Amino acid sequence: MSDRPVLSLVRATKSYGAVHALRDGNIELRAGEVRALVGENGAGKSTLVKLLGGVIRLDDGEMLVEGEAVDFHSPTAARDAGIAVIYQEPTLFPDLSVAENVVMGRHPLGALRRIDRREMDREVQGLLDRLGVRLDAERPVRGLSIADQQIVEIAKALSFDARVLIMDEPTAALSGPEVERLFGVVRTLQQRGAAVLFISHRLEEVFAIGDTITVMRDGAVVHDALTADITSDEVVRRMVGRDLGALFPKEEAAIGAPTLQVHRLTREGVFTDVSFEVRSGEIVALAGLVGAGRSEVARAIFGIDRPDGGHVEVAGARLPKGRPTAAMKAGIAFVPEDRRQQGLVMDLSVARNATITRLRALSRLGLIRGVAERRLAEEWAERLQLRFHRLDDAVGTLSGGNQQKVVLAKWLATEPRVMIVDEPTRGIDVGTKAEVHRLLSELAGRGVAVLMISSELPEVLGMADRVLVMHEGRISGELSRADADEERVMRAATGQPMDAAA
Amino acid sequence: MSANAAAPVGVERTGERARRLTETVFRVRELGIVGALALLILVTGILEPRFLHADSLRNLALNASIFAILAAGQTLVIVTRNVDLSVGSVLALAAFMTGQTLADHPGTAIPVVILMAIGLGAACGLLNGVLVTFGRVPALVVTLGTLYIFRGLAFLWTNGRQVNAEKLPDSFLNIGTGSVLGIPTLALIAFVVVVIIGQCLRDFRAGRELYAIGSNPDAARLAGVRSDRRVLAAFVFSGALAGLGGALFTARFGTVDATAGTGYELTVIASAVVGGVAIFGGIGSVYGAALGALLLGTITSSLIVLKVDAFWQQAAIGALLLLAIAFDRFVGLRLDAALRQRSARRAAA
Chain A
1 MSDRPVLSLV RATKSYGAVH ALRDGNIELR AGEVRALVGE NGAGKSTLVK LLGGVIRLDD
61 GEMLVEGEAV DFHSPTAARD AGIAVIYQEP TLFPDLSVAE NVVMGRHPLG ALRRIDRREM
121 DREVQGLLDR LGVRLDAERP VRGLSIADQQ IVEIAKALSF DARVLIMDEP TAALSGPEVE
181 RLFGVVRTLQ QRGAAVLFIS HRLEEVFAIG DTITVMRDGA VVHDALTADI TSDEVVRRMV
241 GRDLGALFPK EEAAIGAPTL QVHRLTREGV FTDVSFEVRS GEIVALAGLV GAGRSEVARA
301 IFGIDRPDGG HVEVAGARLP KGRPTAAMKA GIAFVPEDRR QQGLVMDLSV ARNATITRLR
361 ALSRLGLIRG VAERRLAEEW AERLQLRFHR LDDAVGTLSG GNQQKVVLAK WLATEPRVMI
421 VDEPTRGIDV GTKAEVHRLL SELAGRGVAV LMISSELPEV LGMADRVLVM HEGRISGELS
481 RADADEERVM RAATGQPMDA AA
Chain B
1001 MSANAAAPVG VERTGERARR LTETVFRVRE LGIVGALALL ILVTGILEPR FLHADSLRNL
1061 ALNASIFAIL AAGQTLVIVT RNVDLSVGSV LALAAFMTGQ TLADHPGTAI PVVILMAIGL
1121 GAACGLLNGV LVTFGRVPAL VVTLGTLYIF RGLAFLWTNG RQVNAEKLPD SFLNIGTGSV
1181 LGIPTLALIA FVVVVIIGQC LRDFRAGREL YAIGSNPDAA RLAGVRSDRR VLAAFVFSGA
1241 LAGLGGALFT ARFGTVDATA GTGYELTVIA SAVVGGVAIF GGIGSVYGAA LGALLLGTIT
1301 SSLIVLKVDA FWQQAAIGAL LLLAIAFDRF VGLRLDAALR QRSARRAAA
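Order-wise, the sequence lines are chains A and B.
My numbering puts the first residue of the first sequence at 1, with every later residue one more than the last.
My numbering puts the first residue of the second sequence at 1001, with every later residue one more than the last.
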């Protein structure tokens, strides 16, 4: 590490109207350093990232690159200064090739300023090989996994010799091995002298990859330390500014009769012969690597995808195949993985989103009664401690954690017997995470059968009464709460034989 | 890194395969149109041999030429996830201006008149582009509005008048009806225009940036693409080509009034879509769009030759459009699946 920071932000402030998104942003990045940035949603991390990336401009304060004051008026200006931002959801061109995505706007040119495709492919393939990943430069980006798309983003950053790499929650959608691969790439970059700012909600990752750690709260940097000098409890305490109760407030619930029964469900090429049951009051976690077929099983149970074989029963009654309305009527609620695309209508109001499952009950003679809609939405907003300006605001204006609460509200309003939640806490902050966990636990306490898909092992181990593990489309293991530990779940998830304890 | 020392060989091979796969798909798209075209001409020729006469084939090329030029311009716009509905009206304005200028000032040099038509079209395109990029109004709305405005202007300007062939110099009319080495001049012009625009879109940064804008507008902005400027340019080009189309319209038909080119916008957009240009941007080529124009024109002609009822002619174009979209969807899904499988195999390897 050198003494002079490559990039620093001094007393930065940024306001949106009356809201102070960033009050006191101070951060320094040095060459060869991986700095982790943590904080609850709304703490100002995204604002800080946008400032560094040239998406928005400072109201006050200073930004310095190699000691020189800079003012980025566009993302291009930040890029030219050697700063690359990799967003949680990669911003790529699905219709164009990997190579073209990397060099867009900077294509190598041949005679008459024509694009030299051969040179372009060769250059980008070289970058990918240097990153140690197997990816074709010439294939289209369409169809790449999120993990591979991030690699393309990193290659893009390398292609203009970025000195600073800012990664905004890059691991949120990655499986274990994919995270490992990403960490490998980050360490390669670090060794080559890049400064990396790594943002994550997963504290174990922060400690695994970060040399230093910066904690933000309420728009200000509140702590700055070497990761070696701080414990994760301390980080959490500084993030929330108070002692957080247990992150996984699992309460004991009386476990009753089987509510959801899945019999030999099969969808060709996706999952095979999946059978299990979830009892009333029970939380069953469906663990496994991304791509093991967990979300697909959930979609088939809810009737979004039609299974090729097998069937689903709710409280003994068989569900017709491929009919989500029938599943809803039978009392199944489904909180999908991708809340932006599948869980919410982003342009509709908070109230409309929260009550959209109850339109029939809220309407008279086919017309929705606004008063009833508001009343229901208000009730749930209060019960879930939803933070919002007005119920009429578009749901897209809420933070990720609050958006997830709206999705939960809309399903809780149907008083479900079976609740299927797919990655319920992905990309939401620690405080809201605990609230979501408490809510699931309460639901189970009231006799709801909960099926929870999660890629976060602490969540699986902390919340589940029973853990089912999937590997390549099949159930490869079943563990009771007492037997489940990280190693056993990972063994089953990676398809290694279970030991005797299972 | 050392573990990947052996990788490049494998990477090259699978890279080659992936590229071949995608290239095949695009070739399938354009070859498919060529195949359909050949089949159509053959079948019509068998049922009605006169259809294969040189004159008749010449007419096919002539009929498609103006549409192909307009479709090339339209492709530039559609690729950016926009649309230009005003091209038919722009064509009318430019066509009338060309005719009127040559009739009133018979001495005017023909290239000057054509450049004026292109300039008028570019100005119309500039208006569209400014409203779309700086006004932040959706292109569908803007160009629907200018479709009526430009048409209205054409009616005001012509005031019921009409330009006739006898008032136009023969050297000008020759562009529309003459040939060079047996090939109609008009078709040659269309060919040159399509190739120039096609290569620009394929091999130059500005062209690739249009695809980027249509494929993911946010990503384009982050990649430093000056989207507004590019989209504006696409509209200017579309307008300019519609202006050129107007001059050529006058040269071909000799008679121009305010109704010239009415409904052309739909044929042009249909040509692009049949030719594989995705209406949501990011995909398609100028060549496909031009072939689409040729196919649509040929179908119309062959149905006329076969004395099919006018209603069925319209229905056939509609059916072709739906067929093309269904085909794209099908191939798209297959390609997605193939790419996903490849990724999965690579991950497993």
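Yeah, the Cβ is synthetic: ideal placement off N, Cα and C, and Gly gets one too.
None of the values given here were measured: they were computed from a predicted structure.
Here's the rule: buried if 16 or more other CB atoms are within 10 angstroms of the residue's CB, otherwise exposed. What is residue i?
| i | result |
| --- | --- |
| N1216 of chain B | buried |
| K1307 of chain B | exposed |
| W1312 of chain B | exposed |
| P90 of chain A | buried |
| K329 of chain A | exposed |
| H437 of chain A | buried |
| L1039 of chain B | exposed |
| Y1148 of chain B | exposed |
| G1176 of chain B | buried |
Can you list the residues of chain A that residue i reaches, using a CB-CB cut of under 8 Å?
| i | result |
| --- | --- |
| L1076 of chain B | Going along chain A, no residue has its Cβ under 8 Å from L1076 of chain B, so there is no contact; the nearest lies around 16 Å. |
| R1208 of chain B | L96, E100, M104, H107 and I115 |
| P1216 of chain B | Reading off the sequence shown, one finds Asn at residue 1216 of chain B, where the question assumed Pro. In chain order: T91, L92, F93 and P94. |
I want to verify the contact list: residues of chain A whose CB lies under 7 Å from the CB of residue i, in sequence order.
| i | result |
| --- | --- |
| F1204 of chain B | R113, R114 and I115 |
Looking at residue i: is its Cβ nearer than 7 Å to the Cβ of residue j?
| i | j | result |
| --- | --- | --- |
| K405 of chain A | L391 of chain A | no |
| V1090 of chain B | G1119 of chain B | no |
| K321 of chain A | M216 of chain A | no |
| T1146 of chain B | A1247 of chain B | no |
| G541 of chain A | P324 of chain A | Because chain A in this structure spans residues 1 to 502, residue 541 of chain A falls outside the shown range and cannot be described. |
| G1214 of chain B | T1080 of chain B | yes |
| A1293 of chain B | S1271 of chain B | yes |
| A12 of chain A | L64 of chain A | no |
| G39 of chain A | A78 of chain A | no |
| L265 of chain A | A300 of chain A | yes |
| V1331 of chain B | I1078 of chain B | no |
| A137 of chain A | D121 of chain A | yes |
| G293 of chain A | H263 of chain A | no |
| G288 of chain A | A493 of chain A | yes |
| V133 of chain A | I151 of chain A | yes |
| R340 of chain A | L197 of chain A | no |
| T227 of chain A | F248 of chain A | no |
| G1281 of chain B | L1291 of chain B | no |
Just to confirm my understanding: we take residue i, look at its own chain, exclude 5 residues before and 5 after, and list those with CB closer than 8 Å. What are they?
| i | result |
| --- | --- |
| E337 of chain A | S295, D422, E423, R426 and I453 |
| T1101 of chain B | T1108, V1113 and M1116 |
| D24 of chain A | R11, A12, T13, G219, A220 and V221 |
| D243 of chain A | Because D243 of chain A sits at a pLDDT of 49, beneath the cut-off of 50, its placement in the model cannot be relied upon, and the following sentence gives the value as read from the coordinates. Here the set comprises R237. |
So which residues of chain B does residue i contact, with C-beta pairs closer than 7 Å?
| i | result |
| --- | --- |
| T76 of chain A | G1224 |
Return the chain-ordered list of same chain residues with a C-beta closer than 6 Å to the C-beta of residue i, the five sequence neighbours on each side being excluded.
| i | result |
| --- | --- |
| E1209 of chain B | V1225 and R1230 |
| G1352 of chain B | Within the shown structure, residues of chain B are numbered from 1001 to 1349, placing residue 1352 of chain B beyond reach of any answer. |
| N1164 of chain B | T1255 |
| I1110 of chain B | F1172 |
| K156 of chain A | V102 |
| A1139 of chain B | N1082, V1083 and V1132 |
| R352 of chain A | none |
| D347 of chain A | A394 |
Is residue i near the ligand SAH, in the sense that its beta carbon is under 6 Å from a heavy atom of that ligand?
| i | result |
| --- | --- |
| E28 of chain A | As far as ligands go, the structure on display features none, and thus does not contain the ligand SAH. |
Below 7 Å CB to CB, which residues in the same chain sit around residue i once its five sequence neighbours on both sides are set aside?
| i | result |
| --- | --- |
| E1048 of chain B | V1305 and L1306 |
| I283 of chain A | L440, A444, V450, M452, M463, A464 and D465 |
| R327 of chain A | At residue 327 of chain A the sequence reads Ala, which differs from the Arg that was named. The residues are F302, G303 and L319. |
| A1187 of chain B | A1061, L1062 and S1065 |
| G193 of chain A | A31 and G32 |
| R387 of chain A | N402 |
Give the interface partners of residue i over in chain A, defined as CB-CB distance under 9 Å, in chain order.
| i | result |
| --- | --- |
| L1336 of chain B | First, the amino acid is wrong: residue 1336 of chain B is Asp here, not Leu. Within 9 Å Cβ-Cβ: R142 and G143. |
| I1283 of chain B | D95 |
Starting from the beta carbon of residue i, find every residue of chain B whose beta carbon is closer than 9 Å, and list them in chain order.
| i | result |
| --- | --- |
| R438 of chain A | What R438 of chain A touches in chain B: nothing, since even the nearest Cβ is about 36 Å away. |
| R79 of chain A | L1222, A1223 and G1224 |
Segments of 4+ residues assigned as alpha helix (DSSP H) that fall wholly inside the segment 348–394 of chain A
350–354, 359–362 and 370–383
Runs of alpha helix (DSSP H) lying entirely within the segment 161–202 of chain A, each at least 4 residues, in chain order:
176–191
Enumerate, from N- to C-terminal direction, the unbroken alpha helix (DSSP H) stretches of 4 or more residues contained entirely within the segment 1212–1247 of chain B.
1217–1222
Length-filtered (4 minimum) alpha helix (DSSP H) runs lying within the segment 20–97 of chain A:
45–52 and 75–80
What are the start and end residues of each continuous alpha helix (DSSP H) run of 4 or more residues lying completely inside the segment 1085–1139 of chain B, in chain order?
1087–1104 and 1110–1133
Uninterrupted beta strand (DSSP E) stretches inside the segment 204–248 of chain A (no shorter than 3 residues)
212–217 and 220–226
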